[in-house]
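**Student:** Going by our numbering, the sequence shown opens with residue 439, and the numbers climb by one from there. Note that beta-carbon positions come from the ideal geometry of N, C-alpha and C, so glycine has one too. Before we start, here is the structure in question, set down as C-alpha cells.
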Amino acid sequence: MADKLIDIKDLVIKFHTDDGVVHAVNGLDLSLEEGETLGLVGETGAGKTTSALAMMGLVDSPPGRIHSGEIIYKGKDLLKIKEDEYLHIRGREISMIFQDPMTALNPVMTVSDQIAEVIENHQGLSRKEAKQRAIEMLEIVRIQPERANEYPHQFSGGMKQRVVIAIALACNPSLLIADEPTTALDVTIQAQVLEMMKRLRREFKTSMIMITHDFGIVAETCDHVAIMYAGEVVESGTLRDIFKGARHPYTIGLFGAIPNLEQETEFLYQIEGLMPDPMDLPTGCPFSPRCAYAEELCKTEKPVKTVLPGEAHTIKCHIYNGLLKTKKAGREDQVNG
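What follows is the structure in C-alpha cells.
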C-alpha cells in the first residue's frame with residue numbers, strides 16, 4: 439500500500455464575525471496517498487476551498503481560526519509548525535491552482551516574471567536561471583516562448599489558466615491542490631486544460647486534490663472521491679465505490695440531478711431545500727432537513743463514520759449505523775422515488 443502523503447483528522451475551522459460564528463469546516467477527515475488524485479465534491483458553501491486553504495496555511499486569521507484537528511503531511515502536523523517552515527513548504531512542496539485565473543495573476547508583471555519569482559524564492563536560482571526555467575515551464579504548458587514577456591491581459595482565459603498551472607508546478611510539488619480549475623473556461627478549453635493536467639501529473643508524478651462540483655471532471659481525473667456537505671465528508675471511497683455504489687442520500691441526490699441523455703424528462707431532479715446556514719447548523723445530521731429518509735434520531739444526533747465493505751468506502755449516515763428502521767439507500771433506490 440502506498441504511503442499517505444497527507445492525512446487530515448477531525449479538522450474544525452470557524453470564522454468569528456460581527457454577525458456570529460461561521461462553522462465552515464466541522465470535523466473533516468480526509469487522506470491522500472502518494473501518486474493518487476482525490477476528487478473533493480460538494481455544493482458551493484460546503485467548505486471545500488476553506489479546507490484547501492487550511493492545507494496551504496492560508497486561512498485568514500482573524501476572522502478565521504482553526505479550532506482543532508491535525509493536517510499530517512509526510513508525518514508532520516502542519517498546524518504545529520512555524521510560519522518560516524510553512525514558507526518553505528508552501529509553493530515548493532504543496533501548491534495550489536486558485537479558482538479564478540482572471541484574478542490569480544498579477545496584472546503588472548509579465549507571466550514569465552511571475553513564474554520566475556516562485557522558482558527564485560524556492561530553488562535558490564539566480565534571476566537569469568529562474569527566468570530561463572520559467573520559459574521552459576511555459577513551453578511545458580504549451581505557451582510559446584516568445585510570449586514570455588507579455589502581461590496577463592494579453593492572454594485568453596484558457597491561456598491564463600495554463601500560466602497559473604505553470605506557476606503551481608514550477609517547483610515540482612509533491613501535492614497539487616486544484617480549486618475548480620476549469621470553472622471560468624468554456625467546454626472546449628476545459629477539456630484541453632484537464633488533458634494537460636493529467637499529462638503533467640503523470641510527468642511530474644504529482645499527487646492532486648481536485649476540488650469541483652462536476653462529476654464529469656471527477657470521473658476523468660480522479661482515483662478516489664470525497665463528498666462534502668456542511669463542512670464535513672459524508673461519503674468517501676474509490677471512484678468505483680462512489681459512481682457505482684453511492685449510498686449516502688446526499689450523494690445519490692447529486693447523481694440524480696445529472697441529466698441522462700438516454701432518458702426524456704420534463705424536469706431535472708433536484709434535492710429539496712438548501713445547504714444549511716453555516717451560522718445555524720442542524721443539531722443532528724446536517725443533511726436531515728433535506729433527507730427523504732430522516733427520522734427523529736437524525737435531527738438530534740450526529741452520525742458517526744461507518745466503514746462499508748471494501749474498507750475504502752466510508753459513510754456518515756444513521757441508516758448504515760443500523761440505528762434506523764428504514765431500508766438502506768442505494769443508486770437503484772432513488773431518494774425521490
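#1: With 16 other CB atoms within 10 Å as the buried threshold, where does Ala695 fall?
#2: Can you confirm whether the stretch 463-477 touches the stretch 441-449 when touching is taken to mean that 3 or more C-beta pairs between the two stretches lie within less than 8 Å?
#3: Tell me whether Met648 sits in a helix, a strand or coil according to DSSP, three-state version.
#4: Taking the straight line between their C-alpha atoms, what separation do you get for Gln537 and Ile527?
#5: Should His686 be labelled buried (16 or more other beta-carbon atoms within 10 Å of its own) or exposed?
#6: Return the chain-ordered ranges of every alpha helix (DSSP H) run that is complete within the stretch 512-542 and spans a minimum of 4 residues.
#7: Is it the case that the stretch 660-679 contacts the stretch 753-761, given that we only count it when at least three CB pairs across the two stretches are under 8 Å?
#8: Going along the chain, which residues of its own chain have a beta-carbon closer than 8 Å to the beta-carbon of Tyr524, five neighbours each way excluded?
#9: How many Å lie between His505 and Ala606 at the Cα?
#10: Decide if the stretch 692-711 is in contact with the stretch 506-513; the criterion is three or more beta carbon pairs, one per stretch, under 8 Å apart.
#11: Out of curiosity, what's the CA-to-CA distance linking Val579 and Ala604?
#12: Is the stretch 731-740 touching the stretch 702-714, taking contact as three or more C-beta pairs under 8 Å?
#13: Taking only three categories from DSSP, how would you classify Arg685?
#14: Helix, strand or coil: how does DSSP classify Gly758 here?
#15: Given a cut-off of 8 Å on the beta-carbon distance, is the pair Thr689 and Ile665 in contact?
#16: Where DSSP assigns a beta bridge to Gly675, which residues make up the other side?
#17: Should Ala668 and Pro714 be called a contact, given that it needs their Cβ atoms to be closer than 8 Å?
#18: Alpha carbon to alpha carbon, how far is Met493 from Ala732?
#19: What distance in whole Å lies between the Cβ atoms of Val631 and Thr621, which are believed to be in contact at a cut-off of 8 Å?
#20: Mind reading off the beta-carbon distance from Met534 to Asp617? Whole number of angstroms is fine, and I expect it under 8 Å.
#21: Roughly how many angstroms separate the alpha carbons of Ser489 and Met634, rounded to a whole number?
#22: Around the Cβ of Leu470, are there at least 16 other Cβ atoms within 10 angstroms (buried) or fewer (exposed)?
#23: On the three-pair Cβ rule with 8 Å, is the stretch 547-558 touching the stretch 584-593?
#24: Based on DSSP bridge pairs, tell me the residues matched to Ser469.
#25: Assign Val601 to buried or exposed, taking buried as 16 or more other Cβ atoms, counted over all protein chains shown, within 10 Å of its Cβ.
#26: Got a sec, what are the start and stop residues for the beta strand (DSSP E) Asp617 sits in?
#27: When DSSP labels each residue in this structure, what does Phe725 get in the three-state scheme?
#28: For Gln582, count neighbouring C-beta atoms within 10 Å of its own C-beta (all shown protein chains included) and say buried if the count is 16 or more, exposed if not.
#29: Where does Val546 sit, in a helix, a strand or coil, going by DSSP?
#30: Can you tell me the Cα-Cα spacing of Arg640 and Gly691, whole angstroms?
#31: What distance in whole Å lies between the Cβ atoms of Ala554 and Ala542, which are believed to be in contact at a cut-off of 8 Å?
#32: Between which two residues does the beta strand (DSSP E) carrying Glu601 extend?
**Tutor:** For this structure:
#1: Position 257 of the sequence shown, counted from the first residue, corresponds to residue 695. So Ala695 counts as exposed.
#2: The stretch 441-449 makes contact with the stretch 463-477; the number of CB pairs closer than 8 Å reaches 3 or more.
#3: Position 210 of the sequence shown holds residue 648. Reduced to three states, the DSSP call for Met648 is strand.
#4: Numbered from its first residue, the sequence shown carries residue 537 at position 99. Numbered from its first residue, the sequence shown carries residue 527 at position 89. Cα atoms of Gln537 and Ile527: separation of roughly 21 Å, rounded to the nearest angstrom.
#5: Here residue 686 corresponds to residue number 248 of the sequence shown, with the count starting at 1. Buried.
#6: Uninterrupted alpha helix (DSSP H) stretches at least 4 residues long and entirely within the stretch 512-542 occur at 521-527, 539-542, given in chain order.
#7: Remark: three or more beta-carbon pairs, one from each stretch, lie closer than 8 Å, so the stretch 753-761 and the stretch 660-679 are flagged as touching.
#8: As a first step, residue 524 must be located in the sequence shown, where it is residue number 86. So the qualifying residues of the chain are Gly495, Leu516.
#9: On the sequence shown, position 67 is the one that residue 505 refers to. On the sequence shown, position 168 is the one that residue 606 refers to. When rounded, the separation of the alpha-carbon atoms in His505 and Ala606 is 28 Å.
#10: With a cut-off of 8 Å on Cβ pairs, the stretch 692-711 is not in contact with the stretch 506-513, counting fewer than three such pairs.
#11: Position 141 of the sequence shown, counted from the first residue, corresponds to residue 579. Position 166 of the sequence shown, counted from the first residue, corresponds to residue 604. One C-alpha to the other measures close to 6 Å.
#12: With a cut-off of 8 Å, the stretch 702-714 and the stretch 731-740 do not count as touching, because too few Cβ pairs lie within range.
#13: Start at 1 with the first residue of the sequence shown, and residue 685 comes out as number 247. DSSP places Arg685 in the coil class of the three-state scheme, outside both helix and strand.
#14: The residue you call residue 758 lines up with position 320 of the sequence shown. The residue asked about is misnamed: residue 758 is Tyr in this sequence, not Gly. Three-state DSSP puts Tyr758 in a helix.
#15: Residue mapping note: residue 689 aligns to position 251 of the sequence shown, counting from 1. Residue mapping note: residue 665 aligns to position 227 of the sequence shown, counting from 1. Taking a C-beta distance under 8 Å as the contact criterion, Thr689 and Ile665 qualify as a contact pair.
#16: By 1-based counting over the sequence shown, the position of residue 675 is 237. The partner list for Gly675 (beta bridge, DSSP) reads Val663.
#17: Here residue 668 is taken as the residue at index 230 of the sequence shown, counted from 1. Here residue 714 is taken as the residue at index 276 of the sequence shown, counted from 1. Cβ atoms of Ala668 and Pro714: closer than 8 Å.
#18: Against the sequence shown, residue 493 aligns to sequence position 55. Against the sequence shown, residue 732 aligns to sequence position 294. Just so you know, the alpha carbons of Met493 and Ala732 end up roughly 33 Å apart.
#19: Here residue 621 refers to the residue found at position 183 of the sequence shown. Here residue 631 refers to the residue found at position 193 of the sequence shown. Not quite, the Cβ-Cβ distance comes to about 11 Å (not below 8 Å), so this is no contact.
#20: Taking the sequence shown and counting its residues from 1, the one referred to as residue 534 is at position 96. Taking the sequence shown and counting its residues from 1, the one referred to as residue 617 is at position 179. Indeed, because the Cβ distance is near 7 Å, the residues count as touching under 8 Å.
#21: Residue mapping note: residue 489 aligns to position 51 of the sequence shown, counting from 1. Residue mapping note: residue 634 aligns to position 196 of the sequence shown, counting from 1. One C-alpha to the other measures close to 25 Å.
#22: Within the sequence shown, the letter at position 32 stands for residue 470. With 16 or more other Cβ atoms within 10 Å, it is buried.
#23: Enough Cβ pairs lie closer than 8 Å, so yes.
#24: The residue given as residue 469 occupies position 31 in the sequence shown. DSSP lists Asp445 as partners of Ser469.
#25: The count along the sequence shown starts at 1 and reaches residue 601 at position 163. Buried, since its Cβ has 16 or more Cβ neighbours within 10 Å.
#26: Taking the first residue of the sequence shown as position 1, residue 617 is located at position 179. Asp617 -> beta strand (DSSP E) spans 613-617.
#27: For the purposes of this step, residue 725 is taken as the residue at position 287 of the sequence shown. Coil, per DSSP.
#28: Translated into the one-based positions of the sequence shown, residue 582 becomes position 144. Residue burial annotation: Gln582 is exposed, with fewer than 16 other C-beta atoms found within 10 angstroms of its C-beta.
#29: Here the question's residue 546 lines up with position 108 in the sequence shown. Looking at Val546 - three-state DSSP - the assignment turns out to be coil, as it is neither helix nor strand.
#30: As a first step, residue 640 is located in the sequence shown; it is residue number 202 there, counting from the start. As a first step, residue 691 is located in the sequence shown; it is residue number 253 there, counting from the start. For Arg640 and Gly691, the distance between alpha carbons rounds to 33 Å.
#31: As a first step, residue 542 is located in the sequence shown; it is residue number 104 there, counting from the start. As a first step, residue 554 is located in the sequence shown; it is residue number 116 there, counting from the start. Contact flag wrong, Cβ pair sits at about 16 Å.
#32: Residue 601 sits at position 163 when you count from the first residue of the sequence shown. Note on residue identity: the sequence assigns Val, not Glu, to residue 601. Looking at the DSSP string, Val601 is not in any beta strand (DSSP E); the run it does join, the alpha helix (DSSP H), is 595-607.
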